[in-house]
Every structure is written in C-alpha cells, then in structure tokens.
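There are 4 protein chains.
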Amino acid sequence: MPGSSFGRIFRVTTFGESHGRAIGCIIEGMPPNIPLVEEDIQGDLDRRRPGQSEVATPRQETDTVEILSGVFDGLTMGPSIALLIRNKDSRPSAYEDLKHKFRPGHADYSYLVKYGIRDWRGSGRASGRETATRVAAGAVAKKLLAAHGITVTGYVSELAGLKAERLEMDTIESNIVRCPDPDKVDEMIARVIAARDAGDSVGGVVEVRVSGMKAGLGDPVFDKLEARLAYGIMSIGSVKGFEVGIGFACKDMNGSEFNDPFTIDETGKVRTTTNNSGGILGGISTGEDVVVRAAIRPPASIAKKQQTVNWDKKAEDIEVHGRHDPSIAPRAVPVLEAMVAMTIADCLLIQDVYLRERETFGTLHDAAAIFDDEL
Amino acid sequence: MPGSSFGRIFRVTTFGESHGRAIGCIIEGMPPNIPLVEEDIQGDLDRRRPGQSEVATPRQETDTVEILSGVFDGLTMGPSIALLIRNKDSRPSAYEDLKHKFRPGHADYSYLVKYGIRDWRGSGRASGRETATRVAAGAVAKKLLAAHGITVTGYVSELAGLKAERLEMDTIESNIVRCPDPDKVDEMIARVIAARDAGDSVGGVVEVRVSGMKAGLGDPVFDKLEARLAYGIMSIGSVKGFEVGIGFACKDMNGSEFNDPFTIDETGKVRTTTNNSGGILGGISTGEDVVVRAAIRPPASIAKKQQTVNWDKKAEDIEVHGRHDPSIAPRAVPVLEAMVAMTIADCLLIQDVYLRERETFGTLHDAAAIFDDEL
Amino acid sequence: MPGSSFGRIFRVTTFGESHGRAIGCIIEGMPPNIPLVEEDIQGDLDRRRPGQSEVATPRQETDTVEILSGVFDGLTMGPSIALLIRNKDSRPSAYEDLKHKFRPGHADYSYLVKYGIRDWRGSGRASGRETATRVAAGAVAKKLLAAHGITVTGYVSELAGLKAERLEMDTIESNIVRCPDPDKVDEMIARVIAARDAGDSVGGVVEVRVSGMKAGLGDPVFDKLEARLAYGIMSIGSVKGFEVGIGFACKDMNGSEFNDPFTIDETGKVRTTTNNSGGILGGISTGEDVVVRAAIRPPASIAKKQQTVNWDKKAEDIEVHGRHDPSIAPRAVPVLEAMVAMTIADCLLIQDVYLRERETFGTLHDAAAIFDDEL
Amino acid sequence: MPGSSFGRIFRVTTFGESHGRAIGCIIEGMPPNIPLVEEDIQGDLDRRRPGQSEVATPRQETDTVEILSGVFDGLTMGPSIALLIRNKDSRPSAYEDLKHKFRPGHADYSYLVKYGIRDWRGSGRASGRETATRVAAGAVAKKLLAAHGITVTGYVSELAGLKAERLEMDTIESNIVRCPDPDKVDEMIARVIAARDAGDSVGGVVEVRVSGMKAGLGDPVFDKLEARLAYGIMSIGSVKGFEVGIGFACKDMNGSEFNDPFTIDETGKVRTTTNNSGGILGGISTGEDVVVRAAIRPPASIAKKQQTVNWDKKAEDIEVHGRHDPSIAPRAVPVLEAMVAMTIADCLLIQDVYLRERETFGTLHDAAAIFDDEL
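Protein chains in written order, with the numbering used here: chain A, 46 to 420; chain B, 46 to 420; chain C, 46 to 420; chain D, 46 to 420.
Following this line, the structure appears as structure tokens:
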C-alpha cells in the first residue's frame with residue numbers, strides 16, 4: 046500500500062528510481078476492447094522527457110515505452126497492463142560527492158530519517174523521474190477519455206514572475222515553455238535562461254482544463270472530484286499549491302459574486318453563466334469545463350552555494366552541479382495532465398456503475414430523466 | 046467505497062443527511078488502551094456547532110455525541126469505534142419551496158444528475174452538516190496525536206478581505222471569528238454582519254499549523270504527506286484552494302530563495318532556518334511545523350435574488366432564505382483541524398510499521414541512527 | 046482499515062460489541078432509486094436472532110433495525126446507508142466470573158495478546174453477535190440482487206453427523222434446523238438437544254446456492270469470485286472450511302470426470318451439463334448456479350468442565366454456563382447468505398463498469414456479441 | 046483495482062499473460078534495510094517452474110527474475126520493488142486450433158463473456174503461468190518472515206487418491222511430487238504418469254504449515270487471519286476447497302472434542318494441547334502453528350476427447366494436446382506457500398502498528414504484559 050498506487054477502479058502502481066535499471070507501472074481497471082499501441086503513449090512521454098530544450102535538463106533519455114502485458118492484437122483486454130521504460134542515461138557517479146550531504150529542498154534528509162537508508166543516486170525514488178510513469182499511465186487514461194469526448198489540456202500560465210494574459214490553445218505546444226500567450230514566450234524563456242546562468246532556478250504555475258466533461262463525475266463527502274484532483278496533483282514533487290475554478294480569489298468575494306448562475310443554453314442544456322466553481326458543485330461535475338491550477342516551486346537543484354548539514358550533523362556548504370532543470374513548469378504540463386486524466390477516468394468508471402444500474406432502477410423523479418443528455 | 050470513507054489505517058467512514066435522523070461515523074484503526082470519553086469529542090463539536098454566535102447559522106443543534114462501541118471502561122479496545130449524533134433541529138419543510146429549483150453554488154443540480162434522485166431537505170448528504178462527523182473523528186485522532194506530542198491548531202487568517210497580520214495563538218478561541226490577530230477581530234465581525242444584512246456572504250482563509258511533528262511521516266510518490274493533506278482538506282465542501290508552506294508565492298521565487306537551508310540547532314537536532322516547504326520534503330515530514338492553508342468560498346445560501354433554472358429546465362429567480370452562515374471560515378476551523386489530525390494520525394500509524402521493523406533490521410548507514418531522535 | 050470493512054464498491058463497515066450499547070453498519074455503494082424500508086431488513090434479522098427456537102441461545106434480542114441515513118421517501122439515494130440495532134438484553138455481569146480465564150475455543154486469549162486489553166463481556170467484538178450487522182447489510186444486498194433476478198438461498202446440509210440427502214428448498218424455513226431434507230429434521234433436532242443436555246455442542250455444514258446468476262462476475266487473478274466468497278465466508282466466526290462446487294471431492298477425481306462439458310440448452314444459451322466447478326471458471330461466473338459450502342464448528346461455549354489457564358498463567362478448570370447455542374449452523378444460514386449476497390452484489394457492480402463501457406467500445410470478436418444474453 | 050492486487054500494507058500487484066512478452070509484479074510495503082538479491086527469489090521460482098520433472102508440463106521456462114527497482118546495494122529501500130520475468134518458450138501458435146472452442150474447465154468462455162475479448166494464447170491472463178509472479182513476491186515475503194523466525198512449508202498431502210500418512214518434512218523437496226511420506230512417493234508418481242498416459246489428469250491436496258508464528262496476527266471480524274488466508278489460497282486457479290486446522294472434520298465433532306485446551310508449557314508460554322483450530326482463535330493467531338489445506342482439482346487440459354461448444358454456439362468435440370501438467374499439486378506447493386507468506390507478512394506489518402503504539406499507551410491490565418513474550 047505505501048505510496049506507489051493511485052486510483053480506485055482505474056488504478057496505477059508505479060516503480061523505479063532515477064538511476065536504477067528501469068521505471069514503469071501497472072495499470073488496472075482499463076476497460077477491454079480499446080485500441081492501444083506504444084505510439085499512443087510515446088507522444089506524451091516525448092513531451093515530458095529530459096533533453097527536449099534549452100529550458101530543460103540535458104540528461105538524454107528517449108523514454109521508450111514497452112507494453113509488456115494487457116494488450117492483444119492492439120486492443121486492451123481488461124486485466125492489468127504493464128509498461129516498462131529502461132533508464133539509458135544514468136550517471137550515479139555524478140552524485141558521489143553529495144552522498145553525505147543533505148541537498149536543501151530535496152528529500153535527502155527526510156528519506157534517510159524515514160527509512161534509515163537512502164538511494165543517493167539523484168534522489169532515487171524521490172526524483173522527478175518517476176513522473177514519466179505517471180505520464181505513461183495518463184496517456185492510457187486519455188485514450189479512454191477521448192472515446193467519451195473528454196480532452197485534457199495543460200499549459201504554463203505563469204513562469205518566472207510573468208503571467209500569460211491570453212489563452213491561445215493551439216500555440217501551447219509550439220513553444221518550449223508551453224505558454225498559451227505568444228506575447229510572453231520570449232521573455233519567459235529569457236528569464237529561465239538568465240536564472241540558469243546565475244546558478245539559480247524559477248517557479249511558475251500550470252493550469253489544466255478538461256473539456257467535454259460529463260456531468261455526474263465525482264463522489265460525495267471525501268471523494269469529491271476536486272479532492273481527488275488535489276490528491277493527484279499535490280502528489281507531484283514540485284507542487285506547493287492547488288486551486289479549482291477561481292481558487293484563492295474566492296476569499297475576497299461575496300456569495301452573490303461567486304455563485305455561478307444557472308441558465309439554459311441554446312441547445313437546451315443546463316449551463317452556468319460563469320464558472321467560478323471550476324465545473325464542480327458539491328464535489329460532483331456539472332458538465333462545465335473543469336479547471337485546476339498548481340503552483341510549481343523553483344527546482345531545488347541549483348549551482349549557487351547553499352548552507353546545509355551532512356550525515357555527521359556538521360554544517361557544510363553545498364553546490365549542486367550537474368544536469369538539472371532551471372524550471373519545472375514546462376515539463377510538468379504533461380505530468381499534471383496525466384494526473385487529471387487518471388482521476389477523471391477513475392471517476393468516469395465509478396459513475397458507470399450508477400448509470401448502468403439506472404437502466405434497472407430508473408430515476409425517482411420524472412424530472413431527473415430530462416437531464417440524461419448531460420451525462 | 047464511493048465517497049464516505051477516508052484514511053488507510055486510521056480510517057473513518059461517515060453517514061447522515063442534514064435533515065435526516067442522525068449523522069455519525071465509524072473509526073477503524075485507533076490503537077487500543079487510549080483513554081476516550083464523550084467529553085473528549087464534545088469540545089471540538091461545540092466549536093463547530095451551529096448557533097454558536099451571530100456570525101453563524103442560528104440552527105440549534107447541541108450535536109451531542111454518543112460513543113456506541115469500541116470503548117470499554119474508558120479505554121479504546123482496537124476494533125471499530127462508532128459515534129452517533131442525533132439531529133434535533135431539522136426543518137425539512139423550510140426547503141419545500143426550493144425543491145424544484147437548483148440553488149446556485151449548491152449541489153442540487155449535480156446530485157440530481159448523478160443519482161437521478163435528490164434529498165432536497167437542506168442539501169441532504171451534500172450539506173455542511175456532515176462535517177460534524179469529521180470533527181468527531183478528528184477529536185479521536187487528536188487524542189492519539191496528543192500522546193505523541195503533536196498538536197493541531199487552526200485559525201482564520203483572512204476574512205471578508207481582511208488579513209490577520211499577527212499570530213497570537215492564545216487569542217484564537219476568544220473571539221467568534223477565530224482570528225489570531227486581536228486588532229482585526231472587530232472589523233472582521235463587522236464585515237460579516239454587513240454582508241449578512243445585505244443578504245450576502247463572505248469568503249476567507251483558514252490556516253492550520255501542526256506542532257511537535259515527527260520526522261518521517263508521509264509516503265513516497267502518490268501518498269506524499271501534502272497530497273494526503275490536500276485530499277482531506279479539498280474534500281471539505283467550501284474549499285477552493287490549498288497551499289502547503291509558502292504555497293502559491295513560490296511561483297515568483299528563485300530556488301535560492303525558496304530552498305530552506307539546513308542547520309543544527311542548539312539541541313543538536315537538524316532544522317531548517319526557514320520553512321517555505323511547510324515541514325515536508327519529498328512528501329515526507331522533516332519535523333518542522335507543517336503549515337497548510339485553505340481558501341474558503343463565501344457560502345452559497347444567500348437571500349439576494351439569483352438567476353437559476355428548475356427541474357423543468359425553465360429559467361427562474363431564486364432567493365434562499367432560512368438559517369444560513371454568512372461566513373463559513375470560523376466554523377470551518379475545527380473541520381480543517383480534524384482533516385489534518387486524521388491525516389497525520391494515519392501517516393503516524395503507517396510509519397509505526399517502519400519504526401517497529403527497524404528494531405529487527407536496523408539501518409544501513411551507521412549515520413542514519415544518529416537521526417533517531419528526530420523520529 | 047483493520048478488520049471491520051468488507052467489499053470494494055458495495056462496501057460494508059460494521060461496529061459493536063456483544064454487550065455494548067448497540068451494533069450496526071454503514072453500507073457504501075448501494076445504487077440509488079432502490080426501494081428500501083426497515084421491513085426489508087428485519088426479515089433476515091429475525092431468521093438470525095437469538096431466542097428463536099430451542100436449538101438456539103435463549104438470549105432475547107428483537108434485533109430491531111433502524112435506518113439512520115441514505116434512504117429518502119423509501120428509496121436509496123446513493124450515499125452511505127447507516128443501520129442501527131440497539132442491544133436490549135445484555136448481561137455483562139454473567140461474564141464476571143470468567144473475566145480472568147481464557148475460554149477454550151474463544152478469542153479471549155488471542156484478543157488480549159493482540160490488543161493488551163479485552164472486553165470480557167461475552168466476547169465483545171469477537172462475539173457472534175456482530176453477525177447481525179452482516180445479515181442487515183446482506184438484506185440490503187439482496188434487494189439489489191433481486192432486481193437483477195438473482196436469489197441466494199442457504200440451508201443446513203449436515204448437522205451433528207447427519208447429512209441431508211434431499212434438497213426440498215421450500216421446506217427449509219419450516220423447520221428450526223433449516224434442513225432441506227424433511228426426513229432428517231427430527232433426528233437432527235434430537236441430536237442437538239441431546240448434546241446441549243450433555244453440556245456439549247455440535248458442528249455441521251451450511252450450503253448456499255445462488256440462482257439466476259449472471260455470467261461475467263468476478264475478477265481475474267486475486268479477486269476470483271470463489272476467492273472473494275471464501276474471504277467473506279471464512280470471516281464468519283465458526284467456519285473452519287470452505288468449498289466451491291464439488292469442493293474437496295475433486296482431489297480424488299480425474300480431469301475427464303471433473304471438467305464440466307459445455308452444451309447449448311433449448312433456449313440457445315451456453316450451459317454445462319454438470320456443475321463441478323460451482324458456476325465459476327477462471328474466477329469468473331458462467332451463469333450456472335454458484336454453490337458454496339462451509340464447515341461450521343461446534344460452538345465453543347459448553348457447560349462441560351474444560352482445562353484452561355488464567356491471566357496469571359496458572360492452570361484452572363472452566364465451565365461456561367449461561368445462554369449459548371448448542372449448534373450454530375441453523376442461525377448461521379442467513380449469515381452465510383449475507384456474505385454471499387454482499388460479495389455477489391459487489392462483483393455485479395464492478396462488472397457494470399465493463400458492461401457500460403462495452404456500449405462505447407464494443408467487443409473485439411463479432412462472436413462475442415452473441416453471448417450478450419448471458420450477461 | 047480489478048483483480049491483480051493482493052494485500053493491504055504488504056501489497057503485490059501482478060501482470061502478464063502466459064504467451065505474452067513478460068510477467069512480473071510490483072511489491073509495496075516491504076520494509077527497508079532487508080537484504081534481497083535475485084538468488085533469494087530464484088530458488089522458489091525454480092521449485093515452481095515448468096519442465097522440472099516428468100510429472101510437470103514440458104514447457105521450458107527458466108523463469109529468470111530481474112529486480113528492476115526498490116533494492117540498492119543489496120538492501121531493500123522501502124518504496125516499491127519491481128520484479129520482471131521474460132517469457133522465453135511461448136508457443137501461441139499451438140493454440141490456434143482451439144481459438145474458437147471453449148475448453149471445458151478453462152476460463153475461455155467466462156473471460157470472453159466478461160470482457161468481450163479473449164487472449165486465446167494458452168489462457169492468457171487466466172493461465173497458471175501468473176502464479177510465477179506470486180511465487181516471486183512470496184519469496185520476498187519469506188525474507189521478511191525469516192527474520193522474525195517464521196517459516197512457511199508446503200507439501201502434497203494427497204495425490205491421485207493416495208494420502209500421505211507420515212510427515213517427514215526434510216524429505217519433501219527430495220521427491221518430484223513433494224510428498225512428505227516417503228512410502229507413498231513412488232505410487233503417487235506412478236498414478237500421475239498413468240493418468241497422463243491415458244490422456245487424463247489427477248487431483249490432490251496441498252497442506253501448508255507456518256511455524257514460529259507470533260501471537261496476535263490477524264484482525265477482527267472480516268479480516269480474520271483464516272479469512273485472509275482463504276482469500277489468498279482460493280485465488281489460486283485450481284483450488285476448489287480450503288481448510289484451516291482440522292477443517293471439515295469439525296462438522297462431526299462435539300465442542301468438548303473440538304476446543305483446544307489451554308496449558309502452560311515448560312518454558313512458561315501459553316499453549317494449547319491440541320491444535321484443531323489451526324493456530325487461530327477469533328481470527329487472531331495464538332502462536333501455535335497455522336495449518337491450512339487446499340483441494341487441488343485435476344488440471345483441465347487433457348488429451349481425452351471432450352464435449353464442448355464453439356464461438357458460433359455450435360456443439361463440437363475437443364482434444365487439448367500440447368504441453369500440460371498431468372497434476373498441479375506438486376508445482377502448486379510453492380504457490381500456496383507464497384500466498385500464505387504474503388498474507389502472514391501483511392498481518393505482521395499491520396500488527397506492528399499496535400505493538401509500536403503499545404510503547405506509548407501500555408496495556409490496560411497488568412496481566413496483559415505477562416504475555417508479551419508470545420508476541
């Protein structure tokens with residue numbers, strides 16, 4: 046149980062250390078008869094992989110995925126799907142010097158205290174490298190969602206103190222910082238490079254938008270849709286904050302401003318005229334776009350001299366050289382998408398139970414049936 | 046499975062609708078031989094209960110808790126503990142008029158679409174009333190934590206656009222808005238009353254601080270401590286955002302500002318000189334205070350006229366009169382504390398496994414043992 | 046987590062000690078819009094309750110159930126359902142004398158060692174009294190199954206060394222030992238009474254048959270249908286053995302005898318001409334009746350003098366007087382039915398996911414579709 | 046969630062089809078600092094692997110295991126451990142002829158109906174080949190148990206109608222049927238060979254004995270130790286019955302015969318003079334040996350002509366030629382051991398929580414402490 050599994054029906058279990066032999070995952074709960082080949086997964090892995098641009102770490106990993114099980118003649122079969130990615134460009138020796146020091150902002154100290162042992166080869170299991178397995182599993186979830194008309198799109202809405210003002214979705218993947226505002230791209234890149242050259246790093250914000258949402262996803266009380274989304278997103282190693290809908294801005298609003306008024310659109314569907322709630326009411330999706338946001342801290346590995354302590358509890362200085370990201374937000378985009386996709390897929394499958402049983406038991410109120418086209 | 050359970054070892058399952066017969070919960074995983082009587086639980090219930098002040102709903106519930114099982118001669122026994130609270134001041138009839146309309150900001154629409162049936166008596170299961178059972182379970186978790194020297198304290202750090210500047214912990218419970226800054230209390234109260242009198246409501250922020258933390262709590266990858274905390278807190282009905290440590294402010298920082306430098310304190314313990322990470326590194330606690338924050342939206346029930354639709358998909362106006370909170374943040378304080386306490390208790394019990402096995406297997410590095418006093 | 050929950054989607058969590066205030070349970074995952082009133086549950090509780098006949102304990106409990114939540118206007122709503130049964134005829138004082146002795150065959154010793162505390166009031170949580178909450182939850186599961194045409198019927202197939210040779214289903218509930226062979230009833234009863242009068246008790250076998258089964262229930266590998274059934278049934282306090290289909294008799298058979306040949310029946314459905322496998326192949330139901338069997342040990346509480354030790358690790362004699370069952374099998378019948386019903390209901394709801402998704406993704410082989418009427 | 050995971054703290058998730066690329070598993074919850082190398086696992090895999098003797102299938106698989114993660118410098122680290130076994134001797138083409146027929150006793154029909162797709166390459170996920178991953182995970186569990194002084198030993202107690210009368214534990218692995226009674230070995234082998242030569246197969250019984258047990262393992266109500274053991278063992282593909290302790294024989298016993306009297310042994314420990322209950326009382330271990338037994342059906346794949354139907358719902362004859370086991374029991378021994386080891390390991394880790402908390406909260410009764418040496 047402890048830590049490497051996520052989800053209830055659509056359930057993913059991952060493994061692997063940054064400089065170990067391989068990373069990978071097992072996916073349970075993916076329904077059968079869905080076309081799935083390695084190319085479906087490789088695309089998102091390429092969006093996340095290191096070495097893709099000058100704002101990312103230069104570590105060279107192709108992150109080539111192999112489907113080991115669960116797919117036959119190009120179709121999923123129902124039982125567990127295993128995905129494997131071999132590590133190709135490990136350099137554990139690069140970490141020898143740091144072996145006995147706790148890098149500030151890293152898990153070195155907390156892992157050693159927790160487990161009484163620590164993989165010092167580049168953070169081991171605590172490395173961001175594990176997120177490649179999330180992306181792989183997320184790509185599988187996206188295949189399921191796509192067939193239901195649901196799309197998950199992420200982008201960098203803030204980076205290094207600059208904020209995207211426009212949202213041009215089709216420009217996101219055309220720039221290396223995955224910013225949807227073409228006017229901000231160059232300055233964002235410049236700030237990242239400048240930080241890197243100064244031996245430092247920068248933070249940012251990633252936003253994810255889910256379109257084509259079904260109403261009725263999420264569960265009451267503890268498993269509200271936003272709770273499951275926060276659980277998934279806050280489990281990504283660099284995330285320090287989470288928002289749904291208008292998020293923290295709600296604190297200064299009145300109820301009359303915040304509440305999203307209901308209306309009927311031209312097609313006869315129930316809609317809200319605003320979306321402050323981010324497509325979720327009472328923990329259950331309404332069919333509006335689900336919008337979430339994550340604060341991404343500046344990467345912990347920086348060349349600048351920092352103060353720390355070592356295994357002998359002595360003070361020491363530390364400089365973390367090597368192959369590191371000056372900003373994480375651009376590469377975090379597919380990782381956040383993956384966590385959102387896995388969460389929505391899981392909720393969709395759970396909702397299938399109610400929808401299927403509805404065929405047997407119907408709905409109480411005749412009125413309820415008139416909303417069936419929102420499902 | 047769907048929705049009413051929280052936790053892994055320390056696991057709580059709740060039930061109850063706002064205007065049904067009773068609410069309550071079953072707690073599994075509470076260790077044996079811990080003193081527990083109803084008074085231990087009643088205190089926090091009183092802090093949350095309706096009717097406690099002029100900034101809260103006037104509904105009168107004593108929220109008297111009965112321990113039905115799991116305790117013998119004043120001590121926990123190990124097996125499941127059941128807690129029961131009878132509803133005393135239900136008034137379902139007050140909701141008859143709203144039965145066929147979807148209140149904006151409420152779960153009326155999403156529940157009806159999801160389930161094909163809806164308890165229209167004051168939100169039913171989606172009502173904030175369910176949080177009383179969280180508070181009861183949280184009080185039990187606090188008993189466990191207290192014996193380990195861990196305390197969980199919440200307060201309103203922002204309300205109706207005003208921010209607490211000082212943190213005087215011993216003043217929190219002496220004012221009805223649970224604000225730790227005595228200079229801001231009167232103005233906060235005035236703003237809440239003004240909003241209420243205008244038929245409106247206000248938002249705010251609640252912060253929770255965990256002191257006396259053990260290092261080593263939390264699990265890697267998906268079950269990071271902040272992920273579990275976010276899961277619990279974002280499942281509270283009015284929360285739209287979550288932060289750990291410095292939270293969203295990290296987006297504009299450099300790594301050299303954000304990283305918390307390690308040092309050795311006068312007692313020989315490893316500490317950090319700042320706490321931007323909120324007491325968690327790599328998902329595992331370091332022993333520093335854990336600090337989390339939640340954005341609380343303005344309550345959805347307001348007397349002001351709003352636009353909505355009804356069960357026949359026709360546009361209608363709506364005014365939600367009755368007994369409602371003009372602000373949720375003050376009463377949300379014990380609810381957030383409860384979710385934090387349950388989460389920390391659960392992580393503490395899981396960590397017991399590693400600590401107990403350490404007695405058999407030891408630690409790899411001799412060095413690791415010198416940190417055992419942080420556990 | 047530890048011990049009081051069962052199931053995945055249809056999930057039941059129970060509480061209560063034999064001589065505590067109350068027992069009860071929370072049921073999650075019951076779909077909405079299913080008619081449910083207390084009478085639906087009371088019937089099975091009456092079949093299990095103490096004091097019902099001369100072959101049962103004379104303890105007088107009406108086991109009156111109260112639905113506390115989850116049902117509105119006579120229909121389930123989807124969220125958790127809570128059921129409460131108050132203990133009415135507790136007599137803790139009857140156990141004072143046995144407080145410091147370990148009753149052979151009981152959990153006195155193992156509970157004390159495990160927890161370092163023990164509820165000596167009639168076995169506390171380890172009492173068979175907890176099975177009333179299973180029966181209550183099972184009655185709810187049966188409501189779901191009934192709507193799908195599935196019925197669960199149990200009976201005593203062996204008692205006190207006598208075996209039922211005929212299976213007349215409609216006679217089961219007309220005799221106090223729940224034996225389906227009218228010719229064996231009197232002798233069975235005589236043997237139970239004789240054992241009781243000798244200060245002793247007798248064992249037996251309960252068989253449960255599920256008719257109207259759907260094909261496709263159960264999951265591969267670890268969650269095979271027979272594994273889930275065994276899990277549920279072996280968790281009943283007096284069960285020492287479990288069989289599915291022909292059970293242990295398979296050990297002396299050849300494959301050519303054991304394998305159930307496939308055939309097509311007059312309605313065009315795939316059937317097997319024998320049912321040695323008990324309606325399950327590869328862990329998945331085939332649509333044939335599921336048949337399981339449990340060995341029920343003789344009750345541990347007997348008046349005869351036995352050898353034991355006390356809390357001071359001294360040898361002592363013990364005689365367990367009071368209100369006890371001379372045989373458990375007849376009252377165990379509704380308990381086994383409940384565990385089977387809960388397990389089948391859970392598997393049915395999980396299978397809903399695949400059936401619903403089939404509407405989107407179809408089946409690979411055209412051939413597969415021709416079996417859809419078996420689902 | 047559906048089907049490929051087992052355990053709560055010590056949790057194993059498996060993947061792989063019989064004639065796919067690879068099989069393997071992820072193990073969560075294994076404590077850190079335990080020595081683990083591939084040789085620790087390979088031994089049990091060799092005991093299970095095909096091609097090991099004339100009573101087993103001639104398929105040639107070395108079942109060479111690779112540890113992909115979770116181990117560093119020969120020690121476990123705490124996070125997830127991944128194990129990989131490549132399939133080397135797949136021959137999917139051997140199944141082409143059977144593609145459209147349902148083999149009696151196999152999962153062909155039930156999988157097709159459940160999923161709407163079927164891997165016809167030798168049962169795919171439903172093949173006994175998946176049990177290799179159980180054995181690998183079980184070997185890891187055994188490493189944990191061994192350090193706690195617990196050993197798990199299985200053997201064939203009945204085969205082809207012959208029953209072992211003696212239990213000479215050190216002879217088990219010296220004969221190809223893993224029978225502990227040297228006098229029965231030759232005749233058992235002869236009967237298996239005779240059945241095979243007749244195009245048929247034989248059933249048997251495997252017994253597993255756990256020595257060095259700790260008292261206190263297992264949880265109350267649903268997660269009784271015998272329930273978890275039954276769950277694990279009944280999930281093995283050929284098992285049709287399960288017994289703990291004296292098993293089904295209890296049905297004909299009186300309570301005075303069945304109850305195991307307590308006594309104090311020469312070392313001052315609490316013991317029972319008999320072990321009809323199989324080392325478990327009230328679902329919790331007492332410290333006596335845990336003894337369980339499984340009925341193993343004759344393998345379904347037989348050369349003899351059988352009656353069946355095909356995908357077009359037409360009657361057909363079938364003969365299953367190829368590489369099959371004439372008896373499963375001998376190779377099932379390490380598989381049963383694995384399920385028992387995983388289950389005991391999981392219960393041991395959960396019990397760690399109570400034992401660790403006992404250091405904080407003590408025990409209620411002074412008396413309880415005198416049993417601490419049984420833990």
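Quick reminder that beta carbons are idealized off the backbone N, C-alpha and C, glycines included.
9 Å Cβ cutoff met for residue i and residue j
i, j, result
"B:M384", "B:L207", "no"
"B:P137", "B:G173", "no"
"C:I341", "C:K285", "yes"
"D:A390", "D:L189", "yes"
"B:L270", "A:H151", "no"
"B:A139", "B:D370", "no"
"A:S155", "B:G194", "no"
Nonlocal neighbours in the same chain, by C-beta distance under 8 Å from residue i, ignoring five residues either side
i, result
"A:V336", "E252, V253, R254, V255, V289, G290, N320, G323 and G324"
"A:S125", "I71, I72, E73, S114 and G115"
"B:I82", "Checking the sequence, you will find Val at residue 82 of chain B rather than Ile. Closer than 8 Å at the Cβ level, and outside the excluded window around B:V82, lie I112, V116 and G119."
Under the three-state DSSP convention, the category residue i falls into
i, result
"C:A152", "coil"
"D:A345", "coil"
"D:V289", "strand"
"A:R254", "strand"
"A:T317", "strand"
"B:T388", "helix"
"B:S202", "strand"
"C:P379", "helix"
"D:D362", "strand"
"D:G69", "strand"
Amino acids of chain C, ordered along the chain, whose beta-carbon sits closer than 9 Å to that of residue i
i, result
"A:P124", "D264, P265 and V266"
Under 8 Å by beta carbon: chain D residues contacting residue i
i, result
"C:M279", "K269, E271, A272, L274, A275, Y276, F287 and V289"
7 Å CB neighbourhood of residue i in its chain, flanking five on each side removed
i, result
"B:V380", "R93, T176, R179, V180 and I281"
"B:D245", "I347 and K349"
"C:Q230", "For the record, residue 230 of chain C in the displayed sequence is Val; it is not Gln. Excluding residues within five positions, the ones whose Cβ falls inside 7 Å are N220, V222 and C224."
Within chain A, partners of residue i - CB distance below 8 Å
i, result
"B:D245", "N299, G300 and S301"
Beta-carbon neighbours of residue i, restricted to chain C and to distances below 7 Å
i, result
"A:H193", "T405"
"A:R401", "D397, L400 and R401"
"A:L394", "V398"
Residues near residue i in its chain [Cβ-Cβ closer than 6 Å; skip 5 each side]
i, result
"B:D423", "For chain B, the structure presents residues 46 to 420; residue 423 of chain B sits outside this window and is missing."
Chain A residues whose Cβ lies nearer than 7 Å to that of residue i
i, result
"C:T408", "N78"
"B:Y156", "G327 and I329"
Beta-carbon neighbours of residue i, restricted to chain C and to distances below 8 Å
i, result
"B:D164", "F117 and M122"
| Taking contact to mean at least 3 C-beta pairs separated by less than 8 Å, is the stretch 388-405 of chain C in contact with the stretch 351-365 of chain C? | As far as the Cβ criterion goes, the stretch 388-405 of chain C does not touch the stretch 351-365 of chain C, which means the pair count is below three.
| query | If you pair each beta-carbon of the stretch 301-314 of chain D with each one of the stretch 289-308 of chain C, do three or more pairs fall below 8 Å? | reply | Not touching, per the Cβ criterion.
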